[in-house]
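Participant:
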Ligand code: ADQ
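As structure tokens, this is what we get:
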């Protein structure tokens, strides 16, 4: 049984200059799912895979990733099984095996317990652990070795995210001719926060192995430049706000705001099946005259507990909305082995129970909490059914949910309430912007959003959708790859 694959991006061979693209990331793009006696190839959810998978398919690229071994079956065993079962894996995937000790130190430890909270400004959750750092270094070396083994100087090597910040320099050391790009999917913090990391210089040196360094927003770019200038004096020279010279190489540092596949989501939202699903959803929530929605990976940065608090405050302040408004919170399980995340899940369960216990009446339940992953088609039906989306992360590199919500509203219905602390807020200024720490203001914003005139709602939605349609995922990809080509050509001419 083979999986249907989305249409390839026909223009990409041109943008790539006919070079092979090698993507290097922590997560694998596909995993095989064993169900009873059958096997199914499943694409990993998330923006990165959606963006890069079609490019690798249409250009026969290579994806190097951690073999996180779903269903207790190693990736290479699954590949063998896939072959036996006639399942086609659409391009070469080179999985890297990590030991349990590696995973505990590199992934759970340094990446998720140290870099993740620090880069999201949760400094009180951050504590440096030297053992985790050693493990991070060793695993980054494993990734670098795999890249060096597979890559040639003609390829474009695109390293993704905070798990692999040392890989660019480790690969560069093997050959000055490698073409290396790096993209950071989370915020890059201000100098005053970044300097708290004892291995701050090593991390900077690691990233500076690249020819092109991409962030979501101009401020993350600025913070990175400031950190490089202040922490590596005499080793970097700043050319302009997007260029520096390091070890006689010219490096471009620029913002490339990631986005969603607008046309695909818009198309799904316009299908008659989706319309039917929307009507069914609306009928399935008693007293759901107005539907609010939250969709997140279960993570403390996303502000889910705070959101529930704001909803509770809203019902307290505006009792006339009881038995009229329901809030659906969809959360996909995340980092379930990390103790902090288990605790947070429990806190969310308790908060939902407490709020529902306090307000429920006559068959009306204010909060409907769905803790599982949904296929995009179903998620789109929820987006379309929702009269407003509350996207209130305490900090977020970009946030794709906000963009997906708007792309799923071809009817121009729906209101986006968006945290100022997201990268998306730089672009989506036509939303109702809120400070997620100001709970009364968020409760107030819900009231203002649902009471805005139909004209205001549809004008805001039109502006948001236009922005997302123009700056869609293809544009992100194209801009990054075009700039990557420039960066490669220019790197030798550091001082001209
Ligand atoms: P994430 O922190 O994962 O990404 P986000 O950008 O919101 O955050 O992307 C989440 C994705 O997961 C969305 O595409 C959403 O549809 C999907 N999703 C959420 N809940 C789901 C569910 N229950 N079922 C199925 N899918 C679900 C990181 C950074 C972000 C940055 C992205 C991309 O933290 O800031 O926007 O990378 O760079």
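Residue numbers (my numbering): 1205 to 1700.
Glycine is no exception: its CB is placed at the ideal position from the N, C-alpha and C atoms.
#1: Would you grab the beta carbon distance between residue 1325 and residue 1599 for me? Rounded to a whole angstrom, and I think it's under 8 Å.
#2: Say whether the stretch 1422-1440 touches the stretch 1383-1397, bearing in mind that this needs 3 or more beta-carbon pairs closer than 8 Å, one atom from each stretch.
#3: Determine the direct distance from the alpha carbon of residue 1531 to that of residue 1564, and round the result to whole angstroms.
#4: For residue 1240, does the three-state DSSP call read helix, strand or coil?
#5: Below 8 Å, how does it come out for the stretch 1251-1265 and the stretch 1450-1470: are there three or more Cβ pairs, yes or no?
#6: State yes or no: is the C-beta of residue 1634 within less than 9 Å of the C-beta of residue 1665?
#7: Name the DSSP bridge partner or partners of residue 1499?
#8: Taking just the CA atoms, how far does residue 1488 sit from residue 1553?
#9: When burial is assigned at 16 or more other CB atoms within 10 Å of the CB, is residue 1626 buried or exposed?
#10: Under a Cβ-count criterion, where at least 16 other Cβ atoms within 10 Å of its own Cβ denotes burial, should residue 1410 be classed as buried or exposed?
#11: Using the Cα positions of residue 1562 and residue 1219, report the straight-line distance between them to the nearest angstrom.
#12: Under 6 Å Cβ to Cβ from residue 1605, same chain only, skipping five residues before and after it: list those, please.
#13: In whole angstroms, what separates the C-alpha of residue 1680 from that of residue 1492?
#14: Taking Cβ positions, are residue 1497 and residue 1533 nearer each other than 9 Å?
#15: Would you say the beta carbon of residue 1605 is closer than 8 Å to some non-hydrogen atom of ligand 1?
#16: If we require 4 or more residues per run, which alpha helix (DSSP H) segments fall completely within the stretch 1308-1385?
#17: Would you mind reading off the limits of the beta strand (DSSP E) that contains residue 1442?
#18: Residues in its own chain within less than 6 Å of residue 1518 by CB, not counting five upstream and five downstream?
#19: Under 9 Å, do residue 1291 and residue 1232 count as touching if we go by C-beta distance?
#20: So, residue 1310 versus residue 1235, is the Cβ gap smaller than 9 Å?
#21: Examine the Cβ distances between the stretch 1371-1390 and the stretch 1338-1353 and report whether three or more of them are shorter than 8 Å.
#22: Grab me the residues of residue 1569's own chain with a C-beta within less than 6 Å of its C-beta, minus the 5 sequence neighbours each way, in chain order.
#23: Got a sec: is the Cβ-Cβ distance from residue 1346 to anything in chain B below 9 Å?
#24: Within a Cβ cutoff of 6 Å, which residues of the same chain sit near residue 1506, ignoring the five residues on either side of it in sequence?
#25: Is the beta carbon of residue 1462 within less than 8 Å of some heavy atom of ligand 1?
#26: Residue 1536 to residue 1403, Cα distance in whole Å?
#27: So, is residue 1510 buried or exposed, given that buried needs 16 or more other C-beta atoms within 10 angstroms?
#28: Between residue 1355 and ligand 2, is the CB less than 8 Å from at least one heavy atom?
#29: According to the Cβ coordinates, are residue 1383 and residue 1223 closer than 9 Å?
#30: I'd like to check one pair, residue 1424 with residue 1601: are the Cβ atoms closer than 9 Å?
#31: Could you tell me if residue 1271 is buried or exposed, where buried requires 16 or more neighbouring beta carbons within 10 angstroms of its beta carbon?
#32: Tell me the rounded alpha-carbon separation between residue 1418 and residue 1364.
#33: Alpha carbon to alpha carbon, what distance is there between residue 1413 and residue 1456?
#34: Looking only at its chain, what residues have a beta carbon closer than 7 Å to the beta carbon of residue 1479, apart from the 5 residues adjacent to it on each side?
#35: Do you know how far the Cα of residue 1316 is from the Cα of residue 1381?
#36: Report the option in 1388, 1585, 1494 whose CA atom is closest to the CA atom of residue 1476.
Facilitator: So, from the listed chains and residues:
#1: As a working mapping, residue 1325 is identified with position 121 in the chain shown. As a working mapping, residue 1599 is identified with position 395 in the chain shown. Going by Cβ atoms, the distance from residue 1325 to residue 1599 rounds to 5 Å, so yes, they are a contact pair.
#2: yes
#3: Locating residue 1564 in the chain shown gives position 360, counting from the first residue. Locating residue 1531 in the chain shown gives position 327, counting from the first residue. Distance between the alpha carbons of residue 1564 and residue 1531 is about 12 Å.
#4: One-based indexing of the chain shown puts residue 1240 at position 36. Residue 1240: coil per DSSP, three-state reduction.
#5: yes
#6: Position 430 of the chain shown, counting from 1, holds the residue named residue 1634. Position 461 of the chain shown, counting from 1, holds the residue named residue 1665. Taking 9 Å as the Cβ cut-off, residue 1634 and residue 1665 qualify as a contacting pair.
#7: On the chain shown, residue 1499 is found 295 positions in, with the first residue counted as 1. Paired residue(s): 1534.
#8: Position 349 of the chain shown, counting from 1, holds the residue named residue 1553. Position 284 of the chain shown, counting from 1, holds the residue named residue 1488. Cα to Cα, the separation comes out at about 21 Å.
#9: Translated into positions along the chain shown, residue 1626 becomes position 422. Under this definition residue 1626 is a buried residue.
#10: One-based indexing of the chain shown puts residue 1410 at position 206. Looking at its Cβ environment, which holds 16 or more other Cβ atoms inside 10 Å, residue 1410 is buried.
#11: As a working note, residue 1562 is residue 358 in the chain shown. As a working note, residue 1219 is residue 15 in the chain shown. Computed Cα separation, rounded: 57 Å.
#12: What you label residue 1605 is simply residue 401 of the chain shown in a count that begins at 1. Excluding positions up to five away in sequence, the list reads 1499, 1595.
#13: Taking the chain shown and counting its residues from 1, one reaches residue 1680 at position 476. Taking the chain shown and counting its residues from 1, one reaches residue 1492 at position 288. Those two C-alpha atoms are separated by around 37 Å.
#14: Along the chain shown, read from residue 1 onward, the residue named residue 1497 stands at position 293. Along the chain shown, read from residue 1 onward, the residue named residue 1533 stands at position 329. Yes, the Cβ-Cβ distance between residue 1497 and residue 1533 is below 9 Å.
#15: As a working mapping, residue 1605 is identified with position 401 in the chain shown. Yes.
#16: 1320-1323, 1334-1354, 1371-1378
#17: In the chain shown, the residue the question calls residue 1442 occupies position 238. Here the beta strand (DSSP E) through residue 1442 covers 1440-1444.
#18: Here residue 1518 is taken as the residue at index 314 of the chain shown, counted from 1. Same-chain partners within the cutoff: 1647, 1650.
#19: Working through the chain shown from its first residue, we reach residue 1291 at position 87. Working through the chain shown from its first residue, we reach residue 1232 at position 28. Between residue 1291 and residue 1232, the C-beta spacing is not below 9 Å.
#20: Taking the chain shown and counting its residues from 1, one reaches residue 1310 at position 106. Taking the chain shown and counting its residues from 1, one reaches residue 1235 at position 31. The answer is no: Cβ separation not under 9 Å.
#21: yes
#22: Here the question's residue 1569 lines up with position 365 in the chain shown. Counting only Cβ-Cβ distances below 6 Å, and skipping sequence neighbours, we find 1560.
#23: Among the chains in the structure shown there is no chain B, since it carries only a single protein chain.
#24: Here the question's residue 1506 lines up with position 302 in the chain shown. Excluding sequence neighbours, residue 1506 sits near 1500, 1597.
#25: To locate residue 1462, count along the chain shown from 1; it is residue 258. At least one heavy atom of ligand 1 is nearer than 8 Å to the Cβ of residue 1462, so yes.
#26: Position 332 of the chain shown, counted from the first residue, corresponds to residue 1536. Position 199 of the chain shown, counted from the first residue, corresponds to residue 1403. The straight-line gap separating the alpha-carbon atoms of residue 1536 and residue 1403 is approximately 32 Å.
#27: By 1-based counting over the chain shown, the position of residue 1510 is 306. Looking at its Cβ environment, which holds 16 or more other Cβ atoms inside 10 Å, residue 1510 is buried.
#28: As for ligand 2, it is missing from this structure, which binds only ligand 1.
#29: Numbered from 1 along the chain shown, position 179 holds the residue referred to as residue 1383. Numbered from 1 along the chain shown, position 19 holds the residue referred to as residue 1223. Going by C-beta atoms, residue 1383 is nearer than 9 Å to residue 1223.
#30: Walking along the chain shown from the start, residue 1601 turns up at place 397. Walking along the chain shown from the start, residue 1424 turns up at place 220. Against a cut-off of 9 Å, the Cβ pair of residue 1424 and residue 1601 comes out as a contact.
#31: As a first step, residue 1271 is located in the chain shown; it is residue number 67 there, counting from the start. With 16 or more Cβ atoms within 10 Å of its Cβ, residue 1271 is classed as buried.
#32: As a working mapping, residue 1418 is identified with position 214 in the chain shown. As a working mapping, residue 1364 is identified with position 160 in the chain shown. Between residue 1418 and residue 1364, the C-alpha separation is close to 10 Å.
#33: Taking the first residue of the chain shown as position 1, residue 1456 is located at position 252. Taking the first residue of the chain shown as position 1, residue 1413 is located at position 209. So the alpha carbons of these two residues sit roughly 11 Å apart.
#34: Counting from 1 along the chain shown, the entry for residue 1479 is found at position 275. Excluding sequence neighbours, residue 1479 sits near nothing in its chain.
#35: Counted from its first residue, the chain shown places residue 1381 at position 177. Counted from its first residue, the chain shown places residue 1316 at position 112. Looking at the two C-alpha atoms, the distance is approximately 32 Å.
#36: Looking up residue 1476 in the chain shown gives position 272. Of the listed residues, the one whose Cα sits closest to residue 1476 is 1585.
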